[in-house]
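Colleague: Quick one: this structure, given as structure tokens, is what I'll be asking you about.
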Amino acid sequence: MMSVFIYFAPSVFLNIGMFTAVFLSLPLYMIMGLALVFVTVSGEIDLSFPSILALTGLIFSLTLKATDFNFWLAFLASLITGGACGLFNGFLVTKLGFSSLITTLGVNFMFAGITQVLNQGQVRQFPEFDESPIRAAVVGRWGPIPAQLLWGLAIALILGLIFNRHRFGIHVHIAGDNPEAGRAMGVNVSRVKVYCFVLVGICCSITSTISILINSTYYSTMGEGYLLPVLAAVFVGGTPVTGGKGTIAGLVIGATTVVFINTGVIAVGLDGYFTGLGFGLVIILSLLGHRALSGRLSR
Amino acid sequence: MERKPLIELVGVEKTFGRVQALTNINLKLYEGEIVSLVGDNGAGKTTLTKIISGTEKADPGAKIILRGEEQKNWGAAKARKLGIETVHQNRALSEQQSIYANVFMGRELTNRFGFVKRKEQIAQTEALMRKIGYTSKVWTPNSPVLKLSGGERQGVAISRAILFDSSLVMLDEPTTAMALSEQAEVIEFIHDLKKQGRSVIFISHNPWDAHAVADRFVILDRGRLVFDGPKGNMKADEFINMLRDIAREGTI
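As they're listed, the protein sequences go chains A and B. So for the first sequence, this note's numbering puts the first residue at 13; every next one is plus one. So for the second sequence, this note's numbering puts the first residue at 72; every next one is plus one.
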């Protein structure tokens with residue numbers, strides 16, 4: 013795919029600016045995708061993250077105003093909101109036994125509605141951020157590399173370690189693979205799933221905060237446009253929908269692919285509508301690739 | 072020497088909706104004895120083991136007494152911590168995960184921060200596989216359970232039950248789907264458990280096996296405990312006749 017882009021627009025794609033553009037937004041998709049890998053491997057799905065993103069962003073903005081620009085308090089409020097949203101999803105799915113697909117679809121509408129009502133159609137700008145050291149630390153530039161890329165990679169590294177080496181990560185795999193076996197062996201499968209939903213909420217807070225810092229602006233539709241690309245990143249990365257299996261490294265590759273298509277289609281000079289075509293092709297091709305790969309491994 | 076029961080069940084009942092699966096079960100189990108739990112399909116054998124292993128909760132009012140102490144909030148994790156291991160009928164394996172992950176499922180060896188000691192788990196699994204006589208050289212502790220045969224999977228489930236220092240091992244139909252030679256190994260293995268001083272509850276559809284390994288028989292019929300007595304000099308035919316009679320009587 014890269015080679016196609018480079019072939020058609022070498023000046024754009026061999027330009028460091030192009031990579032900077034990709035790295036600007038990559039961490040946002042990546043952090044969301046990481047949480048989604050956990051949920052997917054635990055055997056559930058979460059479609060409510062776009063509106064949790066908007067809601068946590070709103071709470072961040074409101075707290076910022078109310079506390080006379082206390083970043084840490086605002087971030088804390090956002091984290092608590094995200095965590096609570098995740099608990100709500102987890103409660104509906106594990107305690108009431110609802111299907112996570114339908115539940116989180118509904119919750120997505122619900123939280124989007126709450127956000128719109130609370131926000132009352134405002135666009136909130138924070139010019140105060142422009143010169144703040146926090147902004148420099150989170151989304152500043154280190155040469156051509158935006159700081160958020162390093163934060164994103166650090167989070168990927170930590171979550172990757174937890175996913176593969178921590179007891180929690182192991183239990184996430186078991187919860188999605190054979191929850192009955194897990195329960196019989198004393199794994200608290202429901203709790204593991206709830207934690208996965210909470211992780212999504214927390215990652216939403218982090219993503220919305222970074223996004224607000226990048227633009228110094230909050231708008232209540234900020235979550236829109238994340239849903240399908242992030243899910244695409246998860247599946248392109250090689251995490252199957254069936255649960256019990258997944259990869260963090262794959263997610264990072266998947267997210268990079270998706271963001272490159274997003275940015276690349278525009279850069280080549282194609283109409284933005286072509287992005288969808290690109291996503292579709294890559295998803296189907298990745299399925300073929302996974303099959304070829306798993307076939308080789310099992311023989 | 073007065074023997075103290077390892078575990079004692081008092082008034083255990085279990086209902087699933089309108090079905091009464093177990094009615095007033097009272098049972099004592101002593102250290103180092105093998106109890107064959109027998110009964111027809113639907114007699115409640117599996118339900119009873121699930122209650123002991125904490126996978127199912129008994130109806131309120133039941134008492135589970137372990138080493139003289141009444142247990143509150145009985146659950147699978149607690150039961151295992153206190154030395155009760157179970158080889159479930161359905162094996163309870165997580166197929167896409169590795170052999171070693173399955174062996175340590177729910178009881179992972181971790182450091183202070185909860186990170187899994189992978190190398191140690193793999194080494195212990197390897198030793199265990201050798202000990203229980205895994206003949207296949209193809210599998211390593213890292214192989215996914217998905218690729219193992221029925222008997223090999225049962226081997227993993229059994230390994231898991233003996234890895235930890237358990238005082239009671241329950242085996243629910245461990246020999247189904249096994250080759251004859253493998254079945255003989257399981258019977259051998261049960262005797263080994265006894266030699267190590269552990270108690271065993273053995274469930275089997277095969278009355279000869281049930282007779283061969285047992286020190287004591289406990290017979291369930293439609294959720295009721297109808298016989299609880301030592302094997303003594305009882306011959307296999309006598310035992311099987313008794314089972315038949317119980318099954319017939321119940322039909323009245």
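Beta carbons are placed, not taken as given, at the ideal position from N, Cα and C, and that holds for glycine.
#1: Taking only beta-carbon positions, decide if R179 of chain A is within less than 9 Å of chain B.
#2: What residues in its chain sit with their C-beta under 6 Å from that of A314 of chain A, if we drop five residues either side in the sequence?
#3: Determine the DSSP secondary structure at V289 of chain B, reduced to helix, strand or coil.
#4: Does the stretch 139–148 of chain B touch the stretch 108–126 of chain B, meaning 3 or more C-beta pairs lie closer than 8 Å?
#5: Using a C-beta to C-beta distance shorter than 7 Å, which residues of chain A count as neighbours of T126 of chain B?
#6: Going by CA-CA distance only, name the one from A:F291, A:I273, A:L162 and A:V248 that's closest to R303 of chain A.
#7: Since Q137 of chain A and T229 of chain A are thought to touch, with beta carbons under 8 Å apart, how far apart are those beta carbons, to the nearest angstrom?
#8: Since W145 of chain B sits in a beta bridge, which residues does DSSP pair it with?
#9: In terms of residue numbering, what span does the alpha helix (DSSP H) encompassing S90 of chain A cover?
#10: Check the Cβ-Cβ distances between R311 of chain A and every residue of chain B, and say whether any is below 9 Å.
#11: Tell me which residues share the same chain as I323 of chain B and place their Cβ nearer than 7 Å to its Cβ, disregarding the 5 neighbours each side in the sequence.
#12: Taking the C-alpha atoms as reference points, what is the distance between E256 of chain B and N95 of chain B?
#13: Hey, how far is the Cα of L242 of chain B from the Cα of A198 of chain B?
#14: When the Cα of A148 of chain A is compared with those of A:L225, A:L65, A:F35 and A:V277, which residue comes out closest?
#15: Please give the ranges of any beta strand (DSSP E) in the stretch 187–242 of chain A, keeping only runs that are unbroken, at least 3 residues long and fully inside the region.
#16: Please decide whether N200 of chain A counts as near chain B, where near means a Cβ-Cβ distance under 9 Å.
#17: For the putative contact between F87 of chain A and T221 of chain A, defined by C-beta atoms under 8 Å, what is the C-beta separation to the nearest angstrom?
#18: Decide if K202 of chain B is buried, meaning its Cβ has at least 16 other Cβ atoms within 10 Å, or exposed.
#19: For chain B, check one thing: does any of its Cβ atoms lie closer than 9 Å to the Cβ of N82 of chain A?
#20: What are the uninterrupted segments assigned as beta strand (DSSP E) that are 3 or more residues long and contained completely in the stretch 102–139 of chain A, given in chain order?
#21: Measure the Cβ-Cβ separation of G250 of chain A and G258 of chain A and say whether it is below 9 Å.
#22: Do G262 of chain A and L99 of chain A have their C-beta atoms closer together than 9 Å?
#23: Hey, out of A:L108, A:S73 and A:G164, whose CA is closest to E140 of chain A's CA?
#24: If you draw a straight line from the C-alpha of N213 of chain B to the C-alpha of S169 of chain B, how long is it?
#25: For V109 of chain B, which residues from the same chain have a beta carbon less than 6 Å from its beta carbon, with the 5 sequence-adjacent residues on both sides left out?
#26: So, using beta-carbon positions, are T52 of chain A and V206 of chain A closer together than 9 Å?
#27: Alpha carbon to alpha carbon, what distance is there between V105 of chain A and S60 of chain A?
#28: Does the beta carbon of G249 of chain A come closer than 9 Å to any beta carbon on chain B?
#29: Mapping DSSP to helix, strand and coil, what is M72 of chain B?
#30: Check whether the Cβ of Q142 of chain B lies closer than 9 Å to any Cβ atom in chain A.
#31: From L314 of chain B to V83 of chain B, what distance separates their C-alpha atoms?
#32: Which same chain residues end up closer than 6 Å to L309 of chain A when comparing Cβ atoms and leaving out the 5 residues on each side of it in sequence?
#33: When Cβ atoms are compared, which residues of the stretch 153–168 of chain B fall closer than 9 Å to chain A?
#34: Quick one: which chain B residues come within Cβ less than 8 Å of H185 of chain A?
#35: State yes or no: is the beta carbon of G256 of chain A nearer than 9 Å to at least one beta carbon in chain B?
#36: Pick helix, strand or coil for M176 of chain B, following the three-state DSSP scheme.
Modeller: To lay it out plainly:
#1: Yes, because at least one Cβ of chain B sits closer than 9 Å to the Cβ of R179 of chain A.
#2: For chain A, the structure presents residues 13 to 311; residue 314 of chain A sits outside this window and is missing.
#3: DSSP places V289 of chain B in the strand class (E or B) of the three-state scheme.
#4: Per the Cβ contact rule, the stretch 108–126 of chain B is in contact with the stretch 139–148 of chain B (3 or more Cβ pairs under 8 Å).
#5: Within 7 Å Cβ-Cβ: R195 and A196.
#6: Taking the Cα of R303 of chain A as reference, the smallest distance to any Cα among A:F291, A:I273, A:L162 and A:V248 is reached at A:V248.
#7: Sure, about 5 Å apart at Cβ, within 8 Å.
#8: Residue pairing by DSSP places W145 of chain B opposite no residue, since no beta bridge is assigned to it.
#9: S90 of chain A -> alpha helix (DSSP H) spans F83 to G102.
#10: Bear in mind that a pLDDT of 38 at R311 of chain A, under 50, signals an unreliable position, so the number given afterwards is only what the model happens to contain. False, the Cβ-Cβ gap to chain B never drops below 9 Å.
#11: Unreliable placement is indicated for I323 of chain B, whose pLDDT of 41 sits below 50; the coordinate value is still reported in the next sentence. Cβ within range, chain order: n/a, list empty.
#12: Roughly 35 Å separates the two Cα atoms.
#13: The straight-line gap separating the alpha-carbon atoms of L242 of chain B and A198 of chain B is approximately 22 Å.
#14: Nearest Cα to A148 of chain A within the set A:L225, A:L65, A:F35 and A:V277: A:L225.
#15: For the stretch 187–242 of chain A, whole beta strand (DSSP E) runs of length 3 or above, ordered along the chain, are 229–231.
#16: Contact with chain B is found for N200 of chain A, since one of that chain's Cβ atoms lies less than 9 Å from the residue's Cβ.
#17: The pair is a contact, with the Cβ atoms about 6 Å apart (cut-off 8 Å).
#18: In this structure K202 of chain B is exposed. Its beta-carbon is surrounded by fewer than 16 other beta-carbon atoms within 10 angstroms.
#19: Chain B places no beta carbon closer than 9 Å to that of N82 of chain A, leaving this residue out of the contacts.
#20: If only complete runs of 3 or more residues are kept, the stretch 102–139 of chain A shows the beta strand (DSSP E) at 135–137, in order along the chain.
#21: Yes, these two residues count as a Cβ contact at 9 Å.
#22: No, the pair does not count as a contact, with Cβ atoms beyond the cut-off.
#23: Of A:L108, A:S73 and A:G164, the residue nearest in Cα terms is A:S73.
#24: Using only the alpha carbons, I get a separation of about 5 Å.
#25: Answer for V109 of chain B: A281 and I290, listed in chain order.
#26: Cβ atoms of T52 of chain A and V206 of chain A: not closer than 9 Å.
#27: Each residue's alpha carbon lies about 13 Å from the other.
#28: No Cβ of chain B is located within less than 9 Å of the beta carbon of G249 of chain A.
#29: Residue placement at M72 of chain B is poorly supported in this model, since its pLDDT is 47, which falls under 50; the coordinates still yield a value, given next. In this structure, M72 of chain B counts as coil in the three-state DSSP scheme.
#30: No, because no Cβ of chain A sits closer than 9 Å to the Cβ of Q142 of chain B.
#31: When rounded, the distance between both Cα atoms is 23 Å.
#32: Per-residue confidence for L309 of chain A stands at a pLDDT of 49, beneath the threshold of 50, marking its modelled position as unreliable; the derived number appears in the next sentence. Result list for L309 of chain A: empty, nothing under 6 Å.
#33: Listed by position, the residues of the stretch 153–168 of chain B near chain A (Cβ gap below 9 Å) are T157, H159, N161, R162, A163, L164, S165, E166, Q167 and Q168.
#34: The answer, in chain order, is S165, Q167, Q168 and A172.
#35: Answer yes: the Cβ-Cβ gap between G256 of chain A and chain B drops below 9 Å somewhere.
#36: DSSP, reduced to helix, strand and coil, places M176 of chain B outside both helices and strands of the structure shown, so it counts as coil.
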